[in-house]
Amino acid sequence: MIIKKYEEIKANKQEIAQMIKSFRNFLASLKKRDQDMTVKEALKELEYYNDKIYPIYTAVINKDDYAGYFILKYDDDGVWLEHFFVKEVYRKQDIGSKLFQKAEKVVEQLGYVYLYNWVHPNNYRMINFLKKQGYDVLNMIEIRKKIKKEKFKSSINVGKSKFRYN
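To convert, take the position in the sequence shown, counting from 1, and add 17; that gives the numbering used here.
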């Protein structure tokens, strides 16, 4: 496996767009929402991140088989793991760990100390993955007020408190 910067493999952006599509559709499923992002929409999102000059890296197997990718987003406040995805067929093969270690190295190269991770509270696989990578400091919880006619499909427990989740 080789981890490559997006700039090195732009000719294969369709492959990365397909993974972005899978990633976004998975996130929608965590919120119990139907979403069928198109490859065209995923390409537009990929180009957005590329235009912002955010680091984009891919894991490549055997020259042209894309196993996963990550995108980092950063500003003066810090660096966030904006996207992190490994194809189902390549999970549990240490590819995710190697991709994540690369993300941490890029964070250091950018001159930052922390890599922040936004994780949906129902994304137990990612939460467990992050714990295995040594991430166990909860930084913040976003809470907002319910708006009129808003309906919730689930709730989340944080400590002894229960919150509606949408």
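Note that beta-carbon positions come from the ideal geometry of N, C-alpha and C, so glycine has one too.
By the beta-carbon neighbour count (other beta carbons within 10 angstroms, threshold 16), VAL103 is buried.
In this structure ILE20 is in contact with LYS115, their Cβ atoms being roughly 7 Å apart against a cut-off of 8 Å. By the criterion of a C-beta distance shorter than 6 Å, MET143 is surrounded in its chain by VAL136, once the five residues flanking it on both sides are discounted. Beta-bridge annotation (DSSP): THR75 is paired with LYS21 and TYR86.
Partner residues in the beta bridge of TRP97, as assigned by DSSP, are LYS90 and TYR133. Where ASN174 is concerned, the enclosing beta strand (DSSP E) starts and stops at 171 to 175. Two segments are said to touch when three or more pairs of C-beta atoms, one from each, lie closer than 8 Å; by this definition the segment 128 to 135 touches the segment 87 to 102.
Closest by C-alpha distance to ILE37, out of LYS148, TYR66, SER178 and ALA120, is TYR66. By DSSP's assignment, ARG181 forms a beta bridge with SER172. Here VAL56 carries a helix assignment [DSSP, helix/strand/coil].
For the pair VAL56 and GLU62, the Cα-to-Cα distance works out to about 10 Å.
Under DSSP, PHE102 takes part in a beta bridge, and its partners are TYR86. When the five nearest sequence neighbours on each side are left out, no beta carbon in the same chain lies closer than 6 Å to the beta carbon of VAL154. Around LYS119, the same chain offers ILE20 and TYR74 as residues with beta carbons nearer than 7 Å, after the five sequence neighbours per side are excluded.
Minimum Cα-Cα distance from PHE101 among the listed residues ILE33, SER171, LYS177 and SER172 corresponds to ILE33.
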